[in-house]
Amino acid sequence: MSGSADRLPRLLALVPYLMSHPGAQLGEVAEVFGLSEKQLIDDLQLVWMCGLPGHTPGDLIDVSWDGGEILIDNADTIARPLRLGIDEASALLVALRMLGAMPELAEVPGDALPRVVAKLERAAGEGAAAVSSQVAVDVDATPDALLRVREGLTSRRRLSLRYYVPGRDEVTPREVDPMRLVVVDGRTYLECWCYRAEAMRLFRLDRMLGVEVLDVAADPPAEAEPIDVAQGVFRPSPTDELVELEVTAAGRWVAEYYPCEQVTELGEGRLRVALRARDEDWLLKLALRLGDTGRVVSPTALADRVREEAERALSRYAHRS
0 MSGSADRLPR LLALVPYLMS HPGAQLGEVA EVFGLSEKQL IDDLQLVWMC GLPGHTPGDL
60 IDVSWDGGEI LIDNADTIAR PLRLGIDEAS ALLVALRMLG AMPELAEVPG DALPRVVAKL
120 ERAAGEGAAA VSSQVAVDVD ATPDALLRVR EGLTSRRRLS LRYYVPGRDE VTPREVDPMR
180 LVVVDGRTYL ECWCYRAEAM RLFRLDRMLG VEVLDVAADP PAEAEPIDVA QGVFRPSPTD
240 ELVELEVTAA GRWVAEYYPC EQVTELGEGR LRVALRARDE DWLLKLALRL GDTGRVVSPT
300 ALADRVREEA ERALSRYAHR S
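Residue numbers (numbering that gives the first Met the number 0): 0 to 320.
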């Protein structure tokens, strides 16, 4: 790790480690923290200049590493490791529960994972334990699809997919070079290079109707870079059509679920939102899903199409009655 943002938490962990391992060797500690011995010595020199306000010799941490043996003193105030916050502990617990839901671990003997979860809950306190008790994780994929995807990842082989595209209500064949599994907003995705799109793509595992591991080595091109999913999977392009919706208080979830270019309060809980999307069929389904909790303001062509689809659906009900 490098940089002040990485170095501070490392130093806060390093001091308690050295306090609990008196006489530890430079090489041993460097290996534990994933550092070179030179990087570790740089950290120790910084620790040597830290301490309580006053900055007299009696206030500063005393550390030495003569002969490769690290000795530290006068650091009792930070001798205990930092305690995980509820959000941090909860994130770890969810990840551990998701790991436990993987089919590959279903037949692994022993209770190591449950013991780790229990220990983490005890260490994090009652708040995290309360959150954990309300968390249940299901991997949203068929066991067969998940196993084959993971087989392709571990063996670095190309995959053949039958993938359902809800926006077009069709199943498309894909050949992809798998790169990693990611979880975004509770959904599991395969990040891969798609030869049909000739670009990086994310495919939801629960929409894979068939997965086959091919006898071809995965060989994504140099331009296959990981996708930034920090802001979610839905990433509209500036060239996509701009759509304006007005939603009631019951439809405000649109502004929370999708990236909007503009959100305007209209009073009484109503919103006007502007968002972009390249798939008009997806927009149509979104508008129909909103029902009487929202309406399309613009473009007028989309508003007309929504009206026609709604009237067609109503006519079918009328015909049945």
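Every residue gets a Cβ at the ideal spot worked out from N, C-alpha and C, and that includes glycine.
Local conformation of P225 per DSSP, three classes: Annotated three-state conformation of P225 is coil, per DSSP.
Cut-off 6 angstroms between Cβ atoms - residues of its own chain near R269, not counting five sequence neighbours on either side: T247
Local conformation of S1 per DSSP, three classes: Residue placement at S1 is flagged as unreliable, the pLDDT there being 48, under the threshold of 50; a coordinate-derived value is accordingly withheld.
DSSP-derived helix/strand/coil call for Y257: coil
Cβ distance (whole Å) where P225 is taken to contact E190 below 8 angstroms: 7 angstroms
Burial state of S1 (16 or more Cβ within 10 Å): Confidence at S1 is low in this model, with a pLDDT of 48, below 50, so its placement is unreliable and no value can be given for it.
Beta strand (DSSP E) segment containing P39, residue limits: Strictly speaking, residue 39 in this sequence is Leu, with Pro absent from that position. No beta strand (DSSP E) holds L39; the alpha helix (DSSP H) holding it covers E36 to V46.
Coarse secondary structure for L316, derived from DSSP in three states: Per the sequence presented here, residue 316 reads as Tyr, with Leu not at that position. The answer is helix: DSSP assigns Y316 an H, G or I state.
Member of R9, Q24 and M18 whose CA lies at the smallest distance from the CA of F32: Here the closest residue by C-alpha is R9.
Sub-8 angstroms separation of A74 and V115 beta-carbons: No, these two residues do not count as a Cβ contact at 8 angstroms.
Supposed close pair R173, R195 - CB separation, criterion 8 angstroms: Contact between R173 and R195 holds, with the beta-carbon distance rounding to 5 angstroms and staying under 8 angstroms.
Contact check, R206 vs Y162, beta carbons under 8 angstroms: yes
Supposed contact pair L152 and P177 - C-beta distance, whole angstroms, cut 8 angstroms: With 8 angstroms as the limit, P177 and L152 qualify as a contact, their Cβ atoms being about 5 angstroms apart.
Own chain partners of V170 with C-beta closer than 8 angstroms, once the 5 adjacent residues on each side are dropped: R161, Y162, Y163, V164 and L208
Straight-line gap, W192 to L313 (C-alpha atoms, nearest Å): 42 angstroms
Per DSSP, the bridge partner or partners of M207: Y162
R251 to A29 span [Cα, whole Å]: Looking at the two C-alpha atoms, the distance is approximately 51 angstroms.
Burial state of S89 (16 or more Cβ within 10 Å): buried
Whole-number beta carbon distance between V272 and A254, since they are thought to touch under 8 angstroms: 5 angstroms
Beta-carbon proximity list for S159, same chain, < 6 angstroms, skipping 5 on both sides: E174, E211 and L213
Contacting residues, own chain, Cβ-Cβ under 8 angstroms from L95 (five flanking each side not counted): Contacts found: L112, V115, V116 and L119.
Closest Cα partner of D239 within the set A221, A216 and E279: E279
First and last residue of the uninterrupted alpha helix (DSSP H) at L25: L25 to V31
Reduced DSSP secondary structure (H/G/I, E/B, other) of G290: helix
Proximity winner among I40, W47 and V46, relative to G66 (alpha-carbon distances): I40
Separation of L17 from L7, as counted between CA atoms: 16 angstroms
C-alpha gap between D72 and E27, whole angstroms: 19 angstroms
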